[in-house]
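Numbering (our numbering), first residue to last: 2 to 492.
Glycine included, C-beta positions come from ideal geometry on N, C-alpha and C.
Just below is one structure, and these are the notes that go with it.
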RNA sequence: CGGGGUGUAGCGUAGCCCGGUUAUCGCGCGUCGUUUGGGACGACGAGGUCGCAGGUUCGAAUCCUGCCACCCCGACCA
């Protein structure tokens, strides 16, 4: 029978895992905390990747690749960054295995193959990249350097969840070098904007752009910009970050350049990244109790066609009748799957495409054929309607756009309903467990931030960039505040 | 890493407390036939290191110890 999905209201966390299972996106691997991304899940990631890659190229970046291993001495050069990541680093200490004389057929680490210097498996690549940039940069004429890499990184997390936090994950990391502070800040903001545009226009996921507080900032950054999204349980998910690194890495790796006046100066840096965590964000933004819901722009299959027939001749007739419609759709760049698998009944296929979030399903059987009609079902609202085969292609093209817009609107409405201004800490404490974003005044101190975190588990997600500059008093201490910040529980 | 829970065929499970033949059932899988408008039905069939490793016992899925994995809650995490 049907694979069951735990309802969101019963157990949101279980629902999330069920969606990944029924939609066949990923599964746990034999390595603790690591996942296998399955073909359908990877197809979605590839769509994300292809679009972002295009946007990076359009903003002047080039791809390159740096090694997965970072010599420990390089890794520790930028102290804050190294400290920040030290607790979650995998370290390579040996380079060879040998037969274990005490356990025939088994292998053991060859003690004679100990590395003279340990290699850190990158949790991020600033160190190896800045040690390389040092060799590339002599003059302002060598700047800016605008590079991105698609890579895997490893962070030895204590507690993992598929896509949201895994020990190894896929991401892109942009690393840029600039001659001036202003230019680096501009780059940092530009890429955060690229992320916001991408998540909103392609993932149909509204985000709030903001700045991280010092305690939430990337280790080694002077400023961290972020995009924060609200999941359906009201919790916040950091979907992307863009860091202004100041001259921290330039100083740590001694990367100087000669400016136009011939003086030596340290290079200004940025780094920015999004990861397979976006897959988790995508799932938790749109999906429902029936399965995954995908925005058309990221759906590996846009339209699934389910023919209903008894005889092979009827199947052929259906194929013949739909040929021009399918050709027309494909010519418009729409991915169509005509499912003529005779081992599955239509009902099974309906449920399957629903679980996988295919935006539009077409069904056509003898009755439709006779009337020249076809049934169109949209995944986002579950609505079905019957239209003429002739109008089908145009209808579907328009419908896909409508679904894309509707998903974004629905997510935005949800967020607006669950975001509120709040001025009383008592009020805040009584409401925070219900989820949602809270716009509150904050006195700007790490102490207050920590107190709220200890007492409520909520953190400051960001200082919204477009927040009105409203004077007020900190909801906790009553000290003066220049703008409201977003408090929420986060993933 | 601390507390709790779970682990029996690809998936979900019964059996475990109270040890005793060939380990239960459903889904899925294979063959054949009938079917096909919301996860079809019948017949036959295949599929198991009972998470792993020790121990107790004449005998262990069942009792004991250790370990591993996953889930939940903490801690931790840009």
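Which residues DSSP lists as bridging residue i, in chain order
i           : result
residue 162 : 166
residue 56  : In DSSP, residue 56 forms no bridge with anything.
residue 339 : 306
residue 238 : 230
residue 485 : 442
residue 27  : 38
residue 243 : 226, 273
residue 475 : Answer by DSSP bridge pairing: none, since residue 475 is not bridged.
residue 92  : 121
residue 386 : 377
residue 74  : Residue 74 is not bridged to any residue.
residue 491 : 237
residue 63  : 148
residue 140 : 259
residue 464 : 212
Burial state of residue i (16 or more Cβ within 10 Å)
i           : result
residue 477 : buried
residue 297 : buried
residue 412 : buried
residue 131 : buried
residue 105 : exposed
residue 3   : With a pLDDT of only 47 at residue 3, under 50, the local geometry of the prediction cannot be trusted, and the value read off the model is given with reservation. It counts as exposed.
residue 16  : buried
residue 482 : buried
residue 235 : buried
residue 243 : buried
residue 417 : exposed
residue 350 : buried
residue 269 : buried
residue 112 : exposed
Residue i versus residue j: straight-line alpha-carbon distance, rounded
i           : j           : result
residue 288 : residue 294 : 4 Å
residue 306 : residue 353 : 12 Å
residue 74  : residue 217 : 26 Å
residue 179 : residue 188 : 9 Å
residue 197 : residue 419 : 20 Å
residue 258 : residue 149 : 21 Å
residue 39  : residue 340 : 20 Å
residue 146 : residue 22  : 42 Å
residue 439 : residue 123 : 35 Å
residue 1   : residue 143 : Since the first and last residues shown for the chain are 2 and 492, residue 1 lies out of range.
residue 158 : residue 121 : 15 Å
residue 69  : residue 176 : 15 Å
residue 237 : residue 407 : 21 Å
residue 489 : residue 452 : 14 Å
residue 133 : residue 126 : 11 Å
residue 366 : residue 395 : 21 Å
residue 335 : residue 260 : 50 Å
residue 473 : residue 484 : 7 Å
residue 151 : residue 78  : 24 Å
residue 71  : residue 11  : 45 Å
residue 382 : residue 199 : 23 Å
residue 160 : residue 34  : 8 Å
residue 66  : residue 215 : 30 Å
residue 368 : residue 331 : 26 Å
residue 207 : residue 135 : 38 Å
residue 380 : residue 98  : 52 Å
residue 195 : residue 56  : 7 Å
residue 502 : residue 192 : Since the displayed the chain opens at 2 and closes at 492, residue 502 lies outside it and no answer follows.
residue 63  : residue 204 : 24 Å
residue 128 : residue 250 : 8 Å
Cβ shell of residue i (< 6 Å), same chain only, five flanking positions each side left out
i           : result
residue 95  : 110, 114, 115
residue 347 : 307, 309
residue 153 : 169, 171
residue 433 : 457, 459
residue 393 : 326, 375
residue 209 : 229, 465
Contacts around residue i, its chain only, beta-carbon distance under 7 Å, and the 5 residues preceding and following it disregarded
i           : result
residue 186 : 245
residue 374 : 387, 388, 389, 390
residue 165 : 278, 281, 492
residue 7   : 15, 16, 19
Distance cut-off 7 Å: residue i Cβ against heavy atoms of the ligand NAD
i           : result
residue 485 : No copy of the ligand NAD appears in this structure; indeed no ligand is present at all.
Spatial neighbours of residue i in its chain, beta-carbon cut-off 8 Å, leaving aside the 5 residues before and after
i           : result
residue 85  : 219, 220, 221
residue 329 : 394
Hey, which unbroken runs of the beta strand (DSSP E) at 3 residues or more fall wholly within the region 392–445? 420–422, 438–442
Which ranges does the beta strand (DSSP E) cover as unbroken runs of at least 3 residues, wholly within the region 109–138, from first to last along the chain? 115–122
Ignoring anything shorter than 3 residues, give me the beta strand (DSSP E) runs that lie fully in the region 252–326, in order along the chain. The qualifying runs are 257–259, 265–267, 269–276, 304–308.
Runs of alpha helix (DSSP H) wholly within the region 146–211 (minimum 4 residues, chain order): Counting only unbroken stretches of 4 or more residues, the alpha helix (DSSP H) elements lying wholly within the region 146–211 are 182–202, in sequence order.
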